[in-house]
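Per my numbering, the sequence shown runs over residues 901 to 1197.
Note that the Cβ used here is the ideal one computed from N, Cα and C, for glycine as well.
To start, the structure itself, in structure tokens.
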Amino acid sequence: MSINRNRKQRKISNRPLSRRVFIKGSVGLATAATAGGGLIRSASAQSDFGEYIPYDSTKDIHWDYNRNTGRREIIEHHHPGMEPTGEKFTFVRLKYAGGDWYTNLVRTALWQSDLKFTQLLAANTAINVDLRQHPQYVEIDDPWLFSYPFLYMTGHGRVRGGMRITDQQVGKLREYFDRGGFMHVEDCDFRWNYFYPQLERLMKRIFPDKKFERLDITHPIYKTLYIHDEYMGGDKLIPGYEFDQAILDKDDKVMVYFCPNDLNCAWEGRTCSPGGEEQRIWAFEQGMNVVAYALTR
């Protein structure tokens, strides 16, 4: 699919944008979004969903068969290696225990959501995107977690016992945010009220003195690349929740962006209601806004 280029777009100067730097021990890793004429180019489980999907240790991948297509869908464990990754941005999914972290990547409607989004991010922006054949994931305990200035997390939350994230992992996530990390989180169906309460508890463990705050449509995260003056949501727009939330740092910048209306399912190709294809385009655009905000704030 293509993005409607007649929609309002943010004009960005030709000067280089700010760089977000992570320090991994003695190794520095930077991921940047640079502007050249602007960032936008014209133009055995105990749940219903299954906590675990097959894992191939020889290839370090998770996989499952797509019931709709009969294809084997693969999710690769991303390894940045010992050297800095330079200018390339990797869209990476966070794997966690106690949830279907792989939602929309193996049992898909039309296509693997993260892969489609990454392709459109590369096609419609000047962000130097690391394009892969398969979606990428990283675990909390991965020693290279700090290689990624941007993490994506989602799920339904219907695994018995909920998220199983240890105190040690909580400490690592806290350090991730202290170093400047950014997380985009979505509830795959907020109406069920399973995932979000677990997310709130996790965030309270990470940030005891913080809570989610409502984002107004005037916030810069809705204007970074595409100027959004109306909130349209993802594949759904839940009445009473026509807004996103965030946890802010001491400078009132977003560290954790939470969407209850599921941009990722729109990226996967599910029917979008009530706005149809215009709503899907909005969902892709807002995802790009979030990435650009995370890389340039």
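Determine the contact status of I1027 and L1020, defining contact as a CB-CB distance below 8 Å. One thing to note: I1027 has its Cβ no nearer than 8 Å to the Cβ of L1020.
Beta-carbon gap between V1205 and L994 smaller than 8 Å: Past the boundaries of the shown model lies residue 1205; the chain is included only from 901 to 1197, so the question cannot be answered.
Quick check: the Cα distance between K1150 and N966, rounded to an integer number of angstroms? The C-alpha of N966 is placed about 44 Å away from the C-alpha of K1150.
What number of angstroms, rounded off, separates the C-alpha of F1046 from the C-alpha of T969? The alpha-carbon atoms of F1046 and T969 are separated by roughly 36 Å.
Restricting to Cα atoms, I'd like to know which of C1165, T1124 and H1128 is closest to R1007. C1165
Given this structure, state the Cα-to-Cα distance separating S957 from C1159, to the nearest angstrom. 33 Å
Terminal residues of the beta strand (DSSP E) in which Q1145 lies: Q1145 to L1148
Any chance the CB of E1130 is under 7 Å from a heavy atom of the ligand ADP? Here there are no bound small molecules, and the ligand ADP is not part of this structure.
Minimum C-alpha distance to G1055 - residue among P954, F1077, C1088 and D1135: C1088
Where C1159 sits in the DSSP three-state scheme: strand
For F1184 and F989, which I take to be in contact (beta-carbon distance under 8 Å), what is that distance rounded to the nearest angstrom? The beta-carbon separation of F1184 and F989, rounded to 16 Å, does not stay under the 8 Å limit for a contact.
Does the stretch 1137 to 1145 touch the stretch 1067 to 1075, meaning 3 or more C-beta pairs lie closer than 8 Å? no
Identify which residue in F1095, D960 and H962 has its Cα closest to the Cα of V1085. F1095
Where R1180 and V1190 are concerned, what is the direct C-alpha to C-alpha distance, given to the nearest angstrom? 15 Å
Is the beta carbon of Q1098 sitting closer than 8 Å to the one on G1057? yes
State the Cα-Cα distance for the pair R919 and P1049, rounded to the nearest angstrom. Unreliable placement is indicated for R919, whose pLDDT of 32 sits below 50; the coordinate value is still reported in the next sentence. R919 and P1049: Cα-Cα distance of roughly 10 Å.
T934 - DSSP class collapsed to helix/strand/coil: With a pLDDT of 28 at T934, under the threshold of 50, the modelled position of that residue is not reliable, and the figure given next carries that caveat. Coil.
Beta-carbon within less than 7 Å of G1062's beta-carbon, same chain only, minus the 5 sequence neighbours each way: which residues are those? G998 and Q1098
Under the assumption that E976 contacts R1032 (Cβ atoms under 8 Å), give the Cβ distance between them as a whole number of angstroms. Separation of the CB atoms of E976 and R1032 is rounded to 7 Å, and the pair is thereby assigned contact status at 8 Å.
Hey, could you find the ends of the alpha helix (DSSP H) F1077 is sitting in? D1067 to D1078
Apart from the five residues on each side of it in sequence, which residues of its chain come closer than 8 Å, Cβ to Cβ, to M1155? F1077, G1081, F1082, M1083, A1146, I1147, L1148 and D1149
Would you kindly work out how many angstroms separate the C-alpha atoms of Y1122 and E1130, rounded to a whole number? Distance between the alpha carbons of Y1122 and E1130: 9 Å.
Distance, G1187 Cα to F991 Cα: 11 Å
Take P1043 as the anchor and find which of R1064, E1075 and R1060 has the nearest alpha-carbon. Closest by alpha carbon: E1075.
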